[in-house]
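Beneath this line is the structure, given in structure tokens, with notes to follow.
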Amino acid sequence: MVKELRIGDKRFQLGKKTIVMGILNVTPDSFSDGGEFLSVEKAVEHAFQMEKEGADIIDVGGESTRPGASPVTAEEEMQRVLPVLEQLVGKLRIPISIDTYKSRVAEKALEVGASMINDVSALRGDTELLNVVRNYDVPICLMHMKGNPRNMQVNPTYKDVMGEIIDFMKERIDYATSHGVKKENIIVDPGIGFGKRTGKGVEDNCEILRRLPELKKLGLPILVGASRKTFIGNVCGKNKPLPVVDRLEGSLAAACMAVLKGADIIR
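The numbering of the sequence shown is numbering that gives the first Met the number 0, which starts it at 0 and goes up by one.
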């Protein structure tokens, strides 16, 4: 059981305080805040505001992974995130995570001063990313996703959603550690909203939250990101799904449930 998580020069004692990861999307098309922080000035201002409000980590992303999102090139992603990172590193008092599955983007971000990688592909999107994680000795979050952002919500099916997530994570952890990644550098994310069924009476995401203690048995830190996602609109809407702007209360409830069930990091 991993008891401490090292991110940059910070040491987080797991189980004592929930770690809050603030989201900074430098994208035009993220589902919640796409386009709000495209300018470097606005992005930097928002990062400092999140730090002031209590965030423990800032997760910077330059490519939307919402359902149906189109990929961007590594060059475009770097053009979005690197100027922001350059303005934040050395000024923020909290670590910065780079939300990417591309090795080139991750390595450049780490060179600038990021301290963690948040990879929605769980090391399946770019085989070179594993070498970056190993060489820089940084934490990486491995997320479960069925398919990819373009097709993940096209009729996903499960016989046992948490069982499949656990089997997936065991395989990914074995893959990473067998190639030199330290186990204490691995964080697992069940991938709320990523290739999960929601609506029409089937809620994989709620089942994942309820069964989070089963994932805890892997002995690694758990990250949960449920903020404003589609299932919250479906569960909380009376006659129709709630729009994104009305999902705050449901997001807070989901975060509370995740913490009660063992989540270490809330994104």
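For every residue, glycine included, the Cβ atom is placed at its ideal position computed from N, Cα and C.
Quantities reported herein were computed from a predicted structural model and do not represent experimental measurements.
Spell out the partners DSSP gives residue i in its beta bridges.
i: E3; result: Q12
i: S96; result: D58, M115
i: G21; result: I57
i: M142; result: D188
i: V223; result: I265
Where residue i and residue j are concerned, what is the direct C-alpha to C-alpha distance, given to the nearest angstrom?
i: Y174; j: K237; result: 44 Å
i: E202; j: G89; result: 42 Å
i: S244; j: R227; result: Here the sequence assigns Val to residue 244, which means Ser is not the residue at that position. Roughly 8 Å between the two C-alpha positions.
i: M256; j: A262; result: 9 Å
i: I95; j: G200; result: 38 Å
i: L91; j: K158; result: 44 Å
i: M151; j: Y135; result: 31 Å
i: E206; j: G249; result: 15 Å
i: F230; j: G194; result: 12 Å
i: A253; j: I164; result: 19 Å
i: I172; j: V180; result: 9 Å
i: R269; j: L208; result: No statement about residue 269 is possible, as the shown extent of the chain runs from 0 to 266 and does not include it.
i: H178; j: E127; result: 11 Å
i: M168; j: N184; result: 14 Å
i: G33; j: E62; result: Confidence at G33 is low in this model, with a pLDDT of 49, below 50, so its placement is unreliable and the value that follows should be read with caution. Whole-angstrom Cα-Cα distance: 10 Å.
i: K260; j: T17; result: 12 Å
i: N117; j: P82; result: 19 Å
i: P70; j: K2; result: 36 Å
i: E106; j: V258; result: 31 Å
i: G218; j: G112; result: 28 Å
i: P242; j: V132; result: 37 Å
i: M0; j: K145; result: 27 Å
i: N204; j: R210; result: 10 Å
i: N233; j: N154; result: 17 Å
i: P27; j: D8; result: 32 Å
i: D166; j: C140; result: 16 Å
i: A108; j: K15; result: 29 Å
Starting from the Cα of residue i, find the closest Cα among the options and give me that residue.
i: K216; options: V201, V187, S120, T229; result: V187
i: L122; options: C255, C205, M142, G60; result: M142
i: E40; options: K239, R92, L84; result: L84
i: E75; options: L91, L37, R5, V43; result: L37
i: A271; options: D125, R133, F167, T17; result: Because residue 271 is not part of the residues shown, which for the chain are 0 to 266, the question remains open.
i: E110; options: K15, M77, P242; result: M77
i: E213; options: P240, M161, L241, P242; result: M161
i: D98; options: L87, T64, R133; result: T64
i: P52; options: V19, R79, P27, V80; result: The amino acid occupying residue 52 in the given sequence is Glu; Pro does not appear at that position. That would be V19, whose Cα lies nearest to the Cα of E52.
i: V223; options: G198, E44, R266; result: R266
i: L251; options: C235, P240, E44; result: C235
i: G198; options: E170, D166, K239; result: K239
Contact defined as beta carbons within less than 8 Å: I believe residue i pairs with residue j. What is the distance between those atoms, to the nearest angstrom?
i: A225; j: I264; result: About 12 Å separates the two Cβ atoms, so there is no contact after all.
i: A68; j: P148; result: 5 Å
i: A42; j: V25; result: 5 Å
Go through its chain and collect everything with a Cβ distance to residue i's Cβ below 6 Å, but skip five positions before and after it.
i: G21; result: M49, A54, I57
i: L129; result: L122, H178
i: D120; result: The sequence given here has Ser at residue 120, not Asp. For S120, where only same-chain residues beyond five positions count, the Cβ hits under 6 Å are Y100.
i: G60; result: N24, D98
i: V80; result: V25, V59, G61
i: K176; result: As written in the sequence, residue 176 is Thr, which differs from the Lys given in the question. Same-chain partners within the cutoff: K182.
Within the same chain, show all residues whose beta-carbon is closer than 7 Å to that of residue i, passing over the 5 residues directly before and after it, in chain order.
i: L4; result: F11, L13, P138, P220
i: I6; result: I56, P94, S114, M115, P138
i: P66; result: P148, M151, Q152
i: Q86; result: V39, V43
i: E170; result: none
For residue i, I'd like the list of residues in its chain whose CB is within less than 8 Å of its CB, leaving aside the five on either flank, ordered along the chain.
i: T156; result: R196
i: L247; result: R227
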